[in-house]
Amino acid sequence: MKRIVLLAIVLLWTLGVQAQETKPVIEKTFIERLEENPASIPLDTDDPSRDVREFRRDPNNNPKRDPGPINIQKTLGGTWNSGIPTFFRLPVALGPEDLKAGNVEVAFFGAPVDISTGQRGTGYGPMAVRMGDIVGGWGEVPALASGHPVVGDVDWTQTIKAVDYGDAPIDILSQERSVLPVYEMAVEIMEAGAIPFTVGGDHSLMYPDVAAAAKVYGRGNVAVIHFDAHFDGLSSTLGHYLSHGSMVRQLIDEGHVNGEDFYQIGLNSVKPSAKDMKWMRQSGLKFFFMQEIDNSGWKTVMDEILADVKESGKEYVFISVDTDCLDPAYAPGMGTPEPGGLSIRELFPMLRAVTIAHNVIGLEMVEVNPLVDPTYRSRQVAVRIVRELMTGMALRKNGITDPYYMDKDWIRFKKD
Ligand SMILES: [Mn+2]
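Under the numbering used here, the first residue of the sequence shown is numbered 78, with each subsequent residue one higher.
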């Protein structure tokens, strides 16, 4: 009897629940909104965290202090595995007033975007570079300064005033919504009179980075030297204008940079389609496949590029290094590695050449993926890429004009 009563209660309760109508809190379903406009991604405009740009601190009043770079290290200097991991243990700058007050020349900032590669990992690039081994020592202790195996007694950290500008506040769920915060940070650094050096993050960053340079120095006034296994000129990817494979197309077609001022070195991926090749030729893009470097040698290619930039009269040069320009033998931890790429022996002298020869107004190093870099090899190489670029800039500041400069005293013993 008890069981029957219990069953009856359960039955009535179930019927009661079924009889209730569902009352949705949101009237239009997500599916309906997608069906209405399949090319849009519905967003919650009421979400207080919807604009990552609002996450930025007031750099001057939080806490209140005099402007200028802040040294956050405990010691005046140290060795590679010590210190609080800012980029190269550099002082920190929080806002443009710090850059101006400190006469900062180069401001590194991280941009941890990785959605464009289709896998996670490049977003950890900035932290990996901060943690990466610094050859020799860091800081202001002269005894810890380190020379360079090719160009001699030059320590860029003691020649160029540089800071860690922190990370751009990016939207980890959207490359499109990460464009503005990165663009604004790059513009802010340039307008404060410094050179932004973006550490990525995937290569979709090239769009805001170069667009910022064109905004500050003038559309069509900037030449771009682009090391990459990929041509990155797809008109779109899965309907997205922006990806790490299409920014070159957007930058040229939108008129930020002229096609003929765009130099690509080391192309080595699946060949661009016939349609893409047609666009590359029509736009005037100056591309050098790996085969050309294999046939003619890196120096011949570099000579041609240096002469061409000079002839164009372009005063402002942006350098973009996608680390996958290197063969995965040297750097396997990449967003999209491509066997058959440049060797370290080819890349390093080219990086010094472009920075010695040109008035560089912006740089980026992108696509390092520490999650697929179990040997730390790729991040070591990434740190070295930054070092080569910065060493070239330091040599230029010291008055060196030969793009292939070597300190002869450092190359071999002397017989005399
Ligand atoms: Mn690439």
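Note that beta-carbon positions come from the ideal geometry of N, C-alpha and C, so glycine has one too. Just so it is clear, the structure is predicted and the values come from calculations on it, not from any experiment.
Practice task
Check the C-beta distance from P258 over to V129 and give it rounded, since I have them as a contact under 8 Å.
Solution key: Their Cβ separation, rounded to whole angstroms, is 6 Å, which keeps P258 and V129 in contact under 8 Å.
Exercise for the section: Over the uninterrupted beta strand (DSSP E) stretch that includes E392, give me the two end residues. Expected result: Element bounds for E392: n/a, residue is neither H nor E.
Exercise for the section: Determine the burial state of R197: buried for a count of at least 16 other Cβ atoms within 10 Å of its Cβ, exposed for fewer. Expected result: By the 10 Å Cβ count, R197 comes out exposed.
Handout entry: Beta-bridge pairing of V386 - partner residues as DSSP gives them
Key = Partner(s): none; V386 has no beta bridge.
Handout entry: L176 vs A269 beta-carbon contact at 8 Å
Key = The answer is yes: Cβ separation under 8 Å.
Practice task
Grab me the residues of T152's own chain with a C-beta within less than 8 Å of its C-beta, minus the 5 sequence neighbours each way, in chain order.
Solution key: So the qualifying residues of the chain are S159, G160, G216.
Exercise for the section: Return yes when at least one heavy atom of ligand 3 lies under 7 Å from the C-beta of A459, else no. Expected result: As presented, the structure is devoid of ligand 3, carrying ligand 1 as its sole ligands.
Practice task
Using alpha carbons as the reference points, say which of T478, K292, I237, M467 lies closest to A434.
Solution key: Nearest of T478, K292, I237, M467 to A434, Cα basis: T478.
Practice task
Run through the region 93–165 for me and flag every whole beta strand (DSSP E) of 3 or more residues, listed as ranges in chain order.
Solution key: The region 93–165 contains these whole beta strand (DSSP E) runs: 154–156.
Handout entry: Check: D399 C-beta below 7 Å from any heavy atom of ligand 1
Key = Checking the Cβ of D399 against ligand 1 gives yes.
Problem - Endpoints, the alpha helix (DSSP H) within which D244 is located - result: For D244, no alpha helix (DSSP H) segment is defined; the enclosing uninterrupted segment is the beta strand (DSSP E) at 239–244.
Handout entry: Inter-stretch contact (C-beta, 8 Å, three-pair minimum) for the region 266–280 and the region 201–212
Key = Contact between the region 266–280 and the region 201–212 is present, because at least three Cβ pairs lie under 8 Å.
Problem - Top-ranked residue by Cα proximity to E265, from P414, E109, A184 - result: Of P414, E109, A184, the residue nearest in Cα terms is A184.
Practice task
Buried or exposed for S389, please, with buried defined as at least 16 other CB atoms from any protein chain shown within 10 angstroms of its CB.
Solution key: With fewer than 16 neighbouring CB atoms inside 10 Å of its own CB, S389 falls in the exposed class.
Problem - Check: E444 C-beta below 7 Å from any heavy atom of ligand 1 - result: Within 7 Å of the C-beta of E444 there is at least one heavy atom belonging to ligand 1.
Exercise for the section: Check whether the Cβ of T199 sits closer than 7 Å to any heavy atom of ligand 1, and report yes or no. Expected result: Not under cutoff, so the answer is no.
Practice task
List in chain order: all unbroken beta strand (DSSP E) runs of 3+ residues lying wholly within the region 343–369.
Solution key: Here the runs fully enclosed are 363–366.
Problem - The beta strand (DSSP E) enclosing V437, as first and last residue numbers - result: DSSP places V437 inside the beta strand (DSSP E), whose first and last residues are 437–443.
Exercise for the section: State the DSSP-derived secondary structure class of L403, mapped to helix, strand or coil. Expected result: DSSP places L403 in strand when its eight states are reduced to three.
Problem - Closest by C-alpha distance to L419, when choosing among D486, F304, A384 - result: Closest option to L419, judged by alpha-carbon separation, among D486, F304, A384: F304.
Practice task
Report yes if the C-beta distance between Y482 and V228 is below 8 Å; otherwise report no.
Solution key: Yes, these two residues count as a Cβ contact at 8 Å.
Exercise for the section: Name the two residues that bound the continuous alpha helix (DSSP H) containing A291. Expected result: Its alpha helix (DSSP H) spans residues 283–294.
Practice task
Run the proximity test for D305: is its beta-carbon closer than 7 Å to any non-hydrogen atom belonging to ligand 1?
Solution key: The answer is yes for D305.
Handout entry: Where M411 falls: helix, strand or coil (DSSP)
Key = Strand.
Exercise for the section: Starting from L419, follow its DSSP beta bridges and name the residues at the other end. Expected result: For L419, which the question treats as bridged, DSSP gives the partners L403.
Handout entry: Span separating the alpha-carbon of D309 from that of T99
Key = The C-alpha of T99 is placed about 49 Å away from the C-alpha of D309.
Handout entry: Collapsed DSSP secondary structure at I247 in the structure displayed
Key = Coil at I247, not helix or strand.
Exercise for the section: Check V501 in the structure and name its three-state DSSP category. Expected result: The question about residue 501 has no answer here: the residues shown for the chain are numbered 78 through 493.
Exercise for the section: State yes or no: is the C-beta of Y340 within less than 8 Å of the C-beta of K363? Expected result: Yes, they are a contact pair.
Handout entry: Classification of L120 by the beta-carbon crowding that lies within 10 angstroms, buried from 16 upward
Key = That one is exposed.
Practice task
Check each candidate in D486, K348, A471 and name the one with the smallest Cα separation from E415.
Solution key: Closest by alpha carbon: K348.
Problem - Buried versus exposed call for S255 [16 or more other C-beta atoms within 10 Å across all chains shown] - result: Buried.
Problem - Any 3 or more C-beta pairs closer than 8 Å across the region 319–334 and the region 373–382 - result: No contact exists between the region 319–334 and the region 373–382.
Practice task
Indicate the three-state DSSP secondary structure (helix, strand or coil) for F304 in the structure shown.
Solution key: F304 carries a strand assignment under DSSP once its states are collapsed to helix, strand and coil.
Problem - Spatial neighbours of P405 in its chain, beta-carbon cut-off 8 Å, leaving aside the 5 residues before and after - result: Correct list, in chain order: M411, P414, E415, P416, G418.
Practice task
Report yes if the C-beta distance between G214 and T163 is below 8 Å; otherwise report no.
Solution key: In this structure, T163 does not lie closer than 8 Å to G214 by Cβ.
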